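Start counting the sequence shown at 781; every next residue gets the next number (the numbering used here). For reference, the structure discussed in these notes is given below.
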Amino acid sequence: MIFPRLQGNNRTLAMLASLVVGLTFTTIVIIPPFYDWFCRVTGFGGTTAVAETGADTILDQTVKVRFDASLEQGMPWTFKPVERSMDIRIGETGLAFYEAHNPTDRPVAGTATFNVYPYAAGGFFTKIECFCFTEQVLQPGETVQMPVSFYVDPAMVEDIEGQFVHEIVLSYTFHETPLPEEQAALDTPAADTEAAVN
Numbered sequence: 781m782i783f784p785r786l787q788g789n790n791r792t793l794a795m796l797a798s799l800v801v802g803l804t805f806t807t808i809v810i811i812p813p814f815y816d817w818f819c820r821v822t823g824f825g826g827t828t829a830v831a832e833t834g835a836d837t838i839l840d841q842t843v844k845v846r847f848d849a850s851l852e853q854g855m856p857w858t859f860k861p862v863e864r865s866m867d868i869r870i871g872e873t874g875l876a877f878y879e880a881h882n883p884t885d886r887p888v889a890g891t892a893t894f895n896v897y898p899y900a901a902g903g904f905f906t907k908i909e910c911f912c913f914t915e916q917v918l919q920p921g922e923t924v925q926m927p928v929s930f931y932v933d934p935a936m937v938e939d940i941e942g943q944f945v946h947e948i949v950l951s952y953t954f955h956e957t958p959l960p961e962e963q964a965a966l967d968t969p970a971a972d973t974e975a976a977v978n
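Here you go:
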């Protein structure tokens, strides 16, 4: 018997509290990994698929892919797509570039997150190569172009929602992250003093 010494309202409150704790544990520990898996499998929430090679089939049907870029508040870089959009055959491998520039006088590290819209296209937009979730460190004044290789899975044209998608938006947002330890050590005053002495 649960809470045998409690009676009446106290017992009810204790049971409700244990239920809340149990649901909180489930939400924190179990649901996020399941949700991440669910998004990756279904494309829900704009999560893309990942592949090592291109598609086996290329259709005559085309889709327009638009490229969008933004920065988290406080991120000092400039960041933009080199090409704003491209028309690509479904199943064909596309290659796009994003450009990032560090206008500051210090090294800045950043990591990109992404989203695909409409969500119905998320599971069919397949990345072969991508800079997302890989930390990038730009030196003062440095500019880089980062590739994204992708294709749209031909299975989209048979999907109940995907068949109506004629335009896909691939969006990246860069967030500033702490410098890697070895880079941060190079930029400390102690390291500068030692370099000046030598």
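Glycine is no exception: its CB is placed at the ideal position from the N, C-alpha and C atoms. Source: prediction; values computed, not measured.
Item to check | Span separating the alpha-carbon of THR842 from that of ASN895 | outcome: Reading the sequence shown from its first residue, position 62 is the one you call residue 842. Reading the sequence shown from its first residue, position 115 is the one you call residue 895. The alpha-carbon atoms of THR842 and ASN895 are separated by roughly 21 angstroms.
Checklist entry - Sorted by chain position, which residues of the same chain lie with C-beta nearer than 6 angstroms to ASP933's C-beta, five sequence neighbours on each side aside? => result The residue you call residue 933 lines up with position 153 of the sequence shown. Cβ within range, chain order: PHE904 and THR906.
Item to check | Residue environment, GLY823, which counts as buried when at least 16 other CB atoms sit within 10 Å | outcome: Residue 823 sits at position 43 when you count from the first residue of the sequence shown. Per-residue confidence for GLY823 stands at a pLDDT of 43, beneath the threshold of 50, marking its modelled position as unreliable; the derived number appears in the next sentence. With 16 or more neighbouring CB atoms inside 10 Å of its own CB, GLY823 falls in the buried class.
Checklist entry - By Cβ distance, which residues of its chain are closer than 7 angstroms to ARG864, with the 5 residues on each side in sequence left out? => result On the sequence shown, position 84 is the one that residue 864 refers to. Here the set comprises ARG846 and PHE847.
Checklist entry - Using the rule of at least 16 other Cβ atoms within 10 Å of the residue's Cβ for burial, across every protein chain shown, is VAL888 buried or exposed? => result Taking the first residue of the sequence shown as 1, we reach residue 888 at position 108. Label assigned to VAL888: buried.
Next on the checklist: Taking the alpha carbon of THR833 as the reference point, which residue from LEU950, HIS955 and CYS910 has its own alpha carbon closest?
Outcome noted: To locate residue 833, count along the sequence shown from 1; it is residue 53. It is CYS910.
Next on the checklist: To the nearest angstrom, how far is the alpha carbon of GLU879 from that of THR923?
Outcome noted: Taking the sequence shown and counting its residues from 1, one reaches residue 879 at position 99. Taking the sequence shown and counting its residues from 1, one reaches residue 923 at position 143. Their backbone Cα atoms lie some 7 angstroms apart in a straight line.
Next on the checklist: With distance defined between alpha-carbon atoms, name the residue in PRO856, THR873 and MET926 nearest to THR884.
Outcome noted: Numbered from 1 along the sequence shown, position 104 holds the residue referred to as residue 884. Closest by alpha carbon: PRO856.
Checklist entry - Between ALA935, GLY890, ALA900 and LEU851, which lies nearest to PRO960 when the distance is taken from Cα to Cα? => result Taking the sequence shown and counting its residues from 1, one reaches residue 960 at position 180. Checked all of ALA935, GLY890, ALA900 and LEU851; the closest Cα to PRO960 is GLY890.
Checklist entry - Alpha carbon to alpha carbon, what distance is there between ILE948 and PRO927? => result Translated into positions along the sequence shown, residue 927 becomes position 147. Translated into positions along the sequence shown, residue 948 becomes position 168. If you take the alpha carbons of PRO927 and ILE948, they lie about 18 angstroms apart.
Checklist entry - Which same chain residues, not among the five before or five after TYR952, have their C-beta less than 6 angstroms away from its C-beta? => result Here residue 952 refers to the residue found at position 172 when the sequence shown is read from its first residue. If we look at TYR952 and ignore the five residues flanking it on each side, its Cβ neighbours are ALA849, ALA892 and PHE894.
Item to check | Backbone secondary structure at LEU959 - three-state DSSP | outcome: Here residue 959 refers to the residue found at position 179 when the sequence shown is read from its first residue. Coil.
Checklist entry - How close, in whole Å, do the beta carbons of ILE940 and ALA831 come, if the pair is a contact with beta carbons under 8 angstroms? => result On the sequence shown, position 160 is the one that residue 940 refers to. On the sequence shown, position 51 is the one that residue 831 refers to. In fact, because the Cβ distance is near 23 angstroms, the residues do not count as touching under 8 angstroms.
Item to check | Segments of 4+ residues assigned as alpha helix (DSSP H) that fall wholly inside the segment 837-889 | outcome: Secondary structure within the segment 837-889: not one fully enclosed alpha helix (DSSP H) run of 4 or more consecutive residues is present.
Checklist entry - Can you give the beta carbon distance from GLY942 to ALA901, rounded, assuming they're within the 8 angstroms contact cut? => result Position 162 of the sequence shown, counting from 1, holds the residue named residue 942. Position 121 of the sequence shown, counting from 1, holds the residue named residue 901. Confirmed, Cβ separation roughly 6 angstroms.
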